Each structure stands twice: as C-alpha cells, then as structure tokens.
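*Asks:*
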Amino acid sequence: MSSEEASASCTIDTATGKEAPAEISSQRVYEIFSAIAKKYERFNAISSFGAYKSWLKGMIELAPITEKSSILDIAGGTGDVSFTIACSAHPAHIQITDLVPEMLEVAKTHYDEGAGCGVPIDFDVVDAQNIPYPDNSYDIVTMAYGIRNMPDRGRALSEIIRVLKPGGTLVCLEFSTPPNPIWRALYNFYLKHMIPFWGGIITGDKEGFVYLSRSIKAFPDQKSYAAMLEDAGFHNVSWKNFTGGIAAVHTAVK
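Numbering (the working numbering), first residue to last: 1 to 254.
1) State the Cα-Cα distance for the pair Gly199 and Lys206, rounded to the nearest angstrom.
2) Which residues does DSSP list as the beta-bridge partners of Tyr138?
3) Please say whether Ala232 and Ile161 have beta carbons closer to each other than 8 Å?
4) What is the DSSP secondary structure of Cys172, counted as helix, strand or coil?
5) Do you know offhand how far Phe175's Cα is from Ser69's?
6) Could you check which residue in Val126, Val163 and Ser158 has the C-alpha nearest to that of Asp135?
7) Once DSSP output is grouped into helix, strand and coil, what is the label at Glu19?
8) Using CA atoms only, rank isn't needed, just tell me which of Gly17, Val210 and Gly204 is closest to Asn188.
9) Keeping to the same chain, check which residues put their C-beta closer than 7 Å to that of Pro178; ignore five residues upstream and five downstream.
10) I think Ala227 touches His250, with their Cβ atoms under 8 Å apart; what is that distance to the nearest whole Å?
11) Under the three-state reduction of DSSP, which class applies to Ala6: helix, strand or coil?
12) Using only alpha-carbon positions, find the residue among Pro220, Leu104 and Ser48 that is nearest to Ile36.
13) Look at the alpha carbon of Cys87 and the alpha carbon of Asp80, and state the distance between them as a whole number of angstroms.
Structure, rendered in structure tokens:
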C-alpha cells in the first residue's frame, strides 16, 4: 500500500484527531452546521473580531485566479470565499459545494441578491471525500475551514488533486497554530472558553462550538498539514500565516 493509500484509509474523530469511524464526525458536522446555518456568518464576524475578512482577502491574493479560471469551492458554506473571489477576480465560473444543504441555501439567497457580481455560480451538495466531478476539471480548488471537519482527510485531498487540472492549485484557509508561545497560550484560552461562549450567545448551540474549538485545537500545525499535502501528491506546498498564525493559507500545486 502506498503512503497515499494508507493515509486515505484512516478515518478519525475530527474533535480529537484519533482514529474512529467516519460516521461519528460526519454526522456531528452535519447536525451542527445545519442548525446554525442562518447565524454562521454573524458568528464568524463577531468571534474573529472581523479578522476573517482579512484572511479571505489574503486567501484570494495567494490564489492564481484569472478571468478564464474555473473554480471549485469545497466546503463553500454560505459563500464567503466564492463571493469574494467573484467580486475581486471575476473568474469564468465557480462551483460552490458543501455537505450541508442548509448552508448552501443561505449562499443561494446571497447569490440571488447579487453577491456573485455577475459571475456564473452553481451550487451542489457534495461530500468532499467523494467528489462527483470528472478528473482534471478545475483550475483552482478553494477550501476554507473545511478539511478540519473531514474524517478521511487523505481521501479528500486525493479527490481534490484528482479533479484539479495539471498545474492547478489548491488554496486552503484553515485555523492553525501560532508559533509564538505566549500568543498560542492566549489563543488556546480563547478557543476553550470564548468560542463556546460566543457560539452559545449567537446561535444557542454552545455544545456545537465546544466541538469546533476542540477540532481547531486537534488540527495539525502548519508544517504537519503541509506534509499531509505533500503526501497526497501535491508539490510547491507553502503557507502564509495570518493574525500571528491563528489562521494560515496553504497553497499546493498538482
């Protein structure tokens, strides 16, 4: 068995990073995000003190998007990434996908209100661990806060590299690990105590955000995630930290 196959065969509990049946995490993620879909954007804005906007801007700046690009947005949720791309880079087409239909319904509402800035955008309910699109279909794959919630990350990355065109780029925004120990300690305190607090106040689902804070803490640091991308077959893997490493944007080329 190759290293890629071995990685793809292991599923984890995304709250702990320990081996577990995929259904545990998939069902939990579906239940949490279907319940908070209409309040998700408000939570992002308040809990990050607006910093998520600069992370999105940084993500787009690192993505080699042109007006001819065909883009697949994995775990596209309510459309923040896709609409930011549409209005700043005006690609040829964007395909937004998400595991949770309720999240996509919010995105569709925004699109109907003009958030796509005239760019053709389609919407599909898709599990990124089993992408239903042909090989070599997309110039760019974007993913924000998605890989962390997938129990079979090796399989998801294998699927992403499959649907990318040769030379295509994955651009992935994810919460990460601040390298400065003092900033990291403060961030870990915020994750443990304030993320569930804000989640409970804004959405009424404190326990769902206990999971989210645990999943962030359990996610690999920048160097480890870069190694995961390389193991999946990507090259030219690099990352850029934002807000002292609270978030990082990884880029990787097929």
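C-beta: ideal position from N, C-alpha, C; glycine also. Quick caveat, the model's predicted, so the values are computed rather than measured.
*Replies:* Straight from the coordinates:
1) 5 Å
2) Leu164
3) yes
4) strand
5) 26 Å
6) Val163
7) strand
8) Val210
9) Arg184, Tyr187, Gly244, Gly245 and Ile246
10) Ala227 to His250, Cβ: 11 Å. No contact.
11) In this predicted model, Ala6 has a pLDDT of only 38, less than 50, meaning its place in the structure is not dependable enough to derive any value.
12) Leu104
13) 11 Å
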